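Let me begin by presenting the structure, written as structure tokens, before commenting on it.
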Amino acid sequence: MKTTDHAHSIFFEEIKTPFVIWRQEWRWGTCVSLPLLLLYLVTMPHTVTLEDSGLLITTAHFAGIAYPTGYPLYTMLGKLFTLLPLGSIAFRMHLLSAVMGAVSCGIFYLCILMLVRIRWIGLFMALLYGISATFWAQAIVAEVYTLHVLFYFSILSLCLKLKENFHSALLYTTAFLYGLSLSHHWPLMILGSGCYVLILYERWRLLLSVKHLILSFLCLAAGLSPYLYLIIRSQFEPYINAWGLVNNLEDLWWYITRQVYLQDRNNVPWLENFIQTTKYLKFFGKQLLVEFSIPGCATAILGAVVLWHRFPKKLFWAFLFAFLSSALLLKIFQRNIYAGFTRDMYLVYQLVPFGIAIISGSVFFKWVQELPQFSKKHKNLFLGLLAFIMFSWTFITNWKQNNSRQDTFAFDYARIVLESLPQNAYLFLGGNTDSGPFLYAHQVEKIRPDIQLYSQFAFSLNNRLYSIRNNALEAITILNQFIEEKKTIYAPTLHQDFRHTLPSLNDVSFNGLYYQISKDSVPFPEGKNLLNDAQQFLDNQLSGKYKNSWPSIRTDILYFFCDLVLSHKQDHPFLYQHPACQSLIAQRFFAQGQLEQARDLHHTLIEKVPPPFLDSEKWHTIYEQYFVAAMALLNQNLEQTEGESPLVLANSMQWEVDLVYPIIDMYPQCHNKVLRHLLEVYLQVPIKLPVSQIQEKFGHCAQLRPLLDMANRFQ
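Residue numbering for the sequence shown follows my numbering, starting at 1 and increasing by one per position.
This is how it looks when you write it as structure tokens:
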């Protein structure tokens with residue numbers, strides 16, 4: 001297709017002024033928003049969920065300060081919604097996401113209309129976006145991402161209008177909304193702002209005039225004003241304040257710039273980051289099929305081709321930039337390991353790229369409708385059938401995943417643990433797995449108010465033992481003194497930093513669901529029907545009552561319940577259906593010396609379960625125990641055969657070595673036991689091992705350096 005000015009003018013011949021379009025089309029936008037809002041209300045959970053839901057609900061309920069960037073605008077809106085006389089506090093906060101999501105799709109319809117000028121295509125594609133897997137999942141839980149999408153596509157629609165027909169009022173409105181968006185989720189917004197720059201590039205002389213620059217800056221600054229909430233609210237010391245109170249501009253800057261996350265970021269080497277990014281992009285490509293079906297992905301790809309040929313090139317590059325912003329650029333800059341949790345975490349960042357894919361698909365629909373080779377009847381029949389397949393496929397697939405009305409997974413987990421603890425217990429919360437559900441159940445639903453909650457790393461609660469800015473020695477001293485006085489504390493999970501903070505003389509035991517940490521060895525509390533509750537929890541999971549959003553966190557929790565059931569020497573059908581539970585069974589075989597059973601079950605997990613399903617530390621245990629069991633059994637078999645040469649032994653071991661080697665990339669930690677085993681085997685048996693690559697990746701590890709030095713000399 002050859003791009004000409006004539007073709008371009010025909011394509012845009014129905015353009016009207018931006019103000020006329022908004023006056024006429026907002027009613028059609030509500031035709032998108034209202035049915036989607038109804039859908040979200042029907043499928044919305046009525047209690048706390050996973051992700052950051054519990055943290056955000058509790059923060060809004062107490063009008064507190066959320067985790068960086070503080071999300072002041074979201075917290076204030078959330079507080080207003082918690083005052084509605086509708087259902088539980090959790091339901092009201094979920095409703096906020098639903099309203100933002102539904103309105104986002106109405107605005108999204110206007111964005112599509114600015115491009116294709118065909119109302120039915122805009123309506124269909126906006127509805128398709130609203131029922132896509134991840135958008136739907138985010139629109140029914142208390143989270144910050146539907147509000148981010150609302151800002152992103154609102155600003156995109158205004159930029160498209162400014163490109164068509166510049167007006168100073170539109171510019172100032174855009175600047176104000178952009179400031180508001182930065183007071184919500186500035187990293188994602190800034191990362192995707194190149195799209196706006198490319199769209200408005202032709203208007204740069206008007207944009208850079210002194211008057212427009214000054215007034216736009218003032219409007220943007222006004223949009224940033226919600227950040228003042230963090231300082232004002234800190235004066236009243238709210239119960240929830242994620243990383244401490246904001247008492248001055250330095251604290252405010254520390255919060256807004258997310259310094260705590262920069263300190264904790266896992267800065268893997270750039271080459272390793274490239275490998276991890278490649279793995280993530282494979283997952284992202286597969287996820288597009290889940291979001292919109294195979295025909296939907298095909299239309300998006302074909303639409304990109306049409307966009308390149310029929311639209312101005314700057315518009316193509318603008319949409320491509322928006323698509324890659326969080327789908328690729330964010331992963332590159334974050335430099336972390338692709339694993340179960342990071343997979344789930346990055347998925348919720350992709351709402352804008354998924355929307356851009358839908359816009360691309362709408363361009364394909366427009367192109368088909370304009371084809372002169374076919375009759376209008378045939379084109380409408382083809383497009384109608386394609387739209388029906390795309391919509392029904394997407395809706396049916398995602399309904400099963402997102403109908404979370406009965407999902408009480410997170411709340412049940414928190415309730416069972418809280419009810420099992422002794423009177424006046426001290427419960428130390430960890431990270432995403434437990435903080436949110438426990439905070440909501442304890443502080444909002446008032447389950448076990450006698451228990452006192454603390455954070456393992458000074459997070460969220462105002463009654464923190466020490467600040468995130470305390471050094472490690474100060475934290476250890478404070479925690480030691482606390483345990484000396486209180487005798488026993490409990491923790492659903494033990495964060496790695498918290499483990500290092502614990503005094504070495506403490507007795508630490510685990511009953512499957514939580515740890516008990518005390519000065520001296522004491523028996524675990526019996527708990528209120530703890531085992532029966534755990535079995536009922538697994539029954540609910542087996543029956544399909546619980547959904548599968550954030551599978552990495554759910555897997556961790558299911559792992560705990562399976563561990564509890566197995567530790568009581570009980571049986572349950574779920575134990576044999578879930579990989580996390582099967583790995584526990586395999587570990588018990590290994591501990592009991594049943595090496596053949598342990599090897600076979602571990603081998604099944606390695607061969608049949610996708611690596612991100614479990615976190616990297618659990619995978620490391622599976623691979624390490626498999627290799628130890630396999631080597632022991634192999635040596636037993638070879639001892640029964642006299643006169644075997646080292647070459648025969650090496651050939652026998654090489655297959656096992658190749659099978660477990662991927663854990664070196666999956667778990668690139670200095671305490672990787674599989675790597676130690678491999679190096680030890682390499683020094684004794686002539687197996688093939690990429691020692692130079694291992695040296696490059698693990699040469700900084702002091703505990704591995706002696707083995708690596710010997711391996712290098714051995715080459």
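Here a beta-carbon is modelled for each residue, glycine too, at the ideal position from N, C-alpha and C. On a predicted model such as this, the values are computed, not experimentally measured, just so you know.
Problem - lysine 688 classed as buried or exposed, judged by whether at least 16 other C-beta atoms fall within 10 angstroms - result: One-based indexing of the sequence shown puts residue 688 at position 688. Classification of lysine 688: exposed, given that the 10 Å Cβ count is below 16.
Selection from Glu143, Val32, Trp28, Pro72 that minimises the alpha carbon distance to leucine 55:
Within the sequence shown, numbered from 1, the residue matching residue 55 stands at position 55. The candidate whose alpha carbon is nearest that of leucine 55 is Glu143.
Worksheet item: Any idea which residues DSSP pairs serine 518 with across the strands?
Response: As a working note, residue 518 is residue 518 in the sequence shown. Thr488, Asp507.
_Let's see if you can read the secondary structure: which residues bound the beta strand (DSSP E) around serine 177?_
Taking the sequence shown and counting its residues from 1, one reaches residue 177 at position 177. According to the sequence shown, residue 177 is leucine rather than serine. Taken as a continuous stretch (DSSP letters only), leucine 177 belongs to no beta strand (DSSP E), being part of the alpha helix (DSSP H) at 168–191.
- request: Would you identify the three-state DSSP class for leucine 208, choosing helix, strand or coil?
  value: Taking the sequence shown and counting its residues from 1, the one referred to as residue 208 is at position 208. Looking at leucine 208 - three-state DSSP - the assignment turns out to be coil, as it is neither helix nor strand.
* Taking all protein chains shown into account, do 16 or more other C-beta atoms lie within 10 angstroms of the C-beta of phenylalanine 108, making it buried, or fewer, making it exposed? -> For the purposes of this step, residue 108 is identified with residue 108 of the sequence shown, where counting begins at 1. Under this definition phenylalanine 108 is a buried residue.
task = Identify whether glutamate 696 lies in helix, strand or coil by the three-state DSSP scheme.
result = The residue given as residue 696 occupies position 696 in the sequence shown. Glutamate 696 falls in the helix class under three-state DSSP.
Item to complete: Taking only the alpha-carbon atoms, compute the straight-line gap between cysteine 219 and glutamine 259 and give it to the nearest angstrom.
Response: Counting from one through the sequence shown, the residue named residue 219 turns up at place 219. Counting from one through the sequence shown, the residue named residue 259 turns up at place 259. So the two alpha carbons sit approximately 27 Å from each other.
| Which value, in whole angstroms, describes the spacing of the CA atoms of isoleucine 301 and proline 295? | Within the sequence shown, numbered from 1, the residue matching residue 301 stands at position 301. Within the sequence shown, numbered from 1, the residue matching residue 295 stands at position 295. Spanning the two alpha carbons is a distance of roughly 10 Å.
Worksheet entry | Start-to-end residues for the alpha helix (DSSP H) that takes in serine 234 | Within the sequence shown, numbered from 1, the residue matching residue 234 stands at position 234. That run of the alpha helix (DSSP H) goes 228–234.
| task | Reducing DSSP to helix, strand and coil, say where tyrosine 546 ends up. | result | Position 546 of the sequence shown, counting from 1, holds the residue named residue 546. The answer is coil: DSSP assigns tyrosine 546 none of H, G, I, E or B.
Taking Cβ positions, are phenylalanine 498 and asparagine 511 nearer each other than 8 Å? Taking the sequence shown and counting its residues from 1, one reaches residue 498 at position 498. Taking the sequence shown and counting its residues from 1, one reaches residue 511 at position 511. In this structure, asparagine 511 does not lie closer than 8 Å to phenylalanine 498 by Cβ.
- prompt: For histidine 185, is the classification buried or exposed, using 16 other Cβ atoms within 10 angstroms of its Cβ as the cut-off for buried?
  reply: Here residue 185 is taken as the residue at index 185 of the sequence shown, counted from 1. By the neighbour-count rule (16 or more Cβ atoms within 10 Å), histidine 185 is buried.
In angstroms, rounded to a whole number, what distance separates the CA positions of tryptophan 308 and isoleucine 232? By 1-based counting over the sequence shown, the position of residue 308 is 308. By 1-based counting over the sequence shown, the position of residue 232 is 232. Answer to the nearest angstrom: the Cα atoms are 49 Å apart.
* Please list the segments of the alpha helix (DSSP H) lying wholly inside the segment 450–489, counting only runs of 4 or more residues, in order along the chain. => 472–486
- [ ] Please classify asparagine 716: is it buried, with 16 or more other beta-carbons within 10 angstroms of its beta-carbon, or exposed?
- [x] Any question about residue 716 goes unanswered here, given that the chain covers just 1 to 715.
Quick test of the definition: if touching needs 3 or more C-beta pairs under 8 Å, does the segment 126–136 touch the segment 369–377? no
Taking all protein chains shown into account, do 16 or more other C-beta atoms lie within 10 angstroms of the C-beta of methionine 43, making it buried, or fewer, making it exposed?
Residue mapping note: residue 43 aligns to position 43 of the sequence shown, counting from 1. Note that residue 43 is threonine in the sequence shown here, rather than methionine. Answer is buried; the Cβ neighbour count reaches 16.
Classify valine 210 as buried or exposed, calling it buried when 16 or more other Cβ atoms lie within 10 Å of its own Cβ. Position 210 of the sequence shown, counted from the first residue, corresponds to residue 210. When all chains shown are included, valine 210 counts as exposed.
Q | Three-state secondary structure (DSSP) of glycine 719 | A | Given that the chain is displayed from residue 1 to residue 715, the structure contains no residue 719 and the question cannot be resolved.
TODO: Could you check the C-alpha separation between serine 181 and methionine 189 for me, to the nearest Å?
DONE: Here the question's residue 181 lines up with position 181 in the sequence shown. Here the question's residue 189 lines up with position 189 in the sequence shown. Each residue's alpha carbon lies about 7 Å from the other.
*Three-state secondary structure (DSSP) at isoleucine 240?*
Numbered from 1 along the sequence shown, position 240 holds the residue referred to as residue 240. Correct three-state label for isoleucine 240: strand.
*Helix, strand or coil at phenylalanine 81 [DSSP, three-state]*: Reading the sequence shown from its first residue, position 81 is the one you call residue 81. Helix.
### Query
So what does isoleucine 65 bridge to, in DSSP terms?
As a working mapping, residue 65 is identified with position 65 in the sequence shown. BP columns for isoleucine 65 point to Asn241.
field: Cβ contact (3+ pairs, closer than 8 Å) linking the segment 223–232 and the segment 247–255
entry: yes
Next on the checklist: Using only CA atoms, which one of Phe236, Gln334, Ala387, Ala414 lies nearest to phenylalanine 274?
Outcome noted: On the sequence shown, residue 274 is found 274 positions in, with the first residue counted as 1. The candidate whose alpha carbon is nearest that of phenylalanine 274 is Gln334.
- Residues sharing a beta bridge with tyrosine 426, DSSP: Position 426 of the sequence shown, counted from the first residue, corresponds to residue 426. DSSP, once it has assigned bridges, lists Gln452 as partnering tyrosine 426.
Practice task
Just the C-alpha distance for valine 608 and asparagine 402, rounded to the nearest angstrom, thanks.
Solution key: Taking the first residue of the sequence shown as 1, we reach residue 608 at position 608. Taking the first residue of the sequence shown as 1, we reach residue 402 at position 402. Here residue 608 is lysine; the residue named in the question, valine, does not match the sequence. Between lysine 608 and asparagine 402, the C-alpha separation is close to 26 Å.
Exercise. Would alanine 702 be called buried (16 or more neighbouring beta carbons within 10 Å of its own) or exposed?
Worked result: Locating residue 702 in the sequence shown gives position 702, where the first residue counts as 1. Result: exposed.
Discussion item. Measuring only the C-alpha atoms, how far is phenylalanine 81 from glutamine 350?
Written reply: Mapped onto the sequence shown, residue 81 falls at position 81. Mapped onto the sequence shown, residue 350 falls at position 350. Cα to Cα, the separation comes out at about 26 Å.
Exercise for review: Alpha carbon to alpha carbon, how far is phenylalanine 153 from aspartate 709? Give it in angstroms, no decimals.
Suggested key: Working through the sequence shown from its first residue, we reach residue 709 at position 709. Working through the sequence shown from its first residue, we reach residue 153 at position 153. The alpha-carbon atoms of aspartate 709 and phenylalanine 153 are separated by roughly 56 Å.
Starting from the C-beta of serine 9, find all residues in its chain whose C-beta is less than 8 Å away, skip the five residues before and the five after it, and write them out in chain order.
What you label residue 9 is simply residue 9 of the sequence shown in a count that begins at 1. Because serine 9 sits at a pLDDT of 38, beneath the cut-off of 50, its placement in the model cannot be relied upon, and the following sentence gives the value as read from the coordinates. Nothing meets the Cβ criterion.
**Q.** 8 Å Cβ cutoff met for alanine 357 and phenylalanine 323
**A.** Stepping through the sequence shown from its first residue, residue 357 is reached at position 357. Stepping through the sequence shown from its first residue, residue 323 is reached at position 323. Taking 8 Å as the Cβ cut-off, alanine 357 and phenylalanine 323 qualify as a contacting pair.
Okay, do the segment 384–393 and the segment 450–467 touch, 3+ Cβ pairs below 8 Å being the bar?
no
### Message
Rounded to whole angstroms, what is the Cα-Cα separation between phenylalanine 284 and serine 326?
### Response
In the sequence shown, residue 284 corresponds to position 284, counting from 1. In the sequence shown, residue 326 corresponds to position 326, counting from 1. Rounded to the nearest angstrom, the two C-alpha atoms are 11 Å apart.
*If I'm right that tyrosine 440 touches isoleucine 57 with Cβ under 8 Å, what's the distance once you round it to whole angstroms?*
Counted from its first residue, the sequence shown places residue 440 at position 440. Counted from its first residue, the sequence shown places residue 57 at position 57. Sure, about 6 Å apart at Cβ, within 8 Å.
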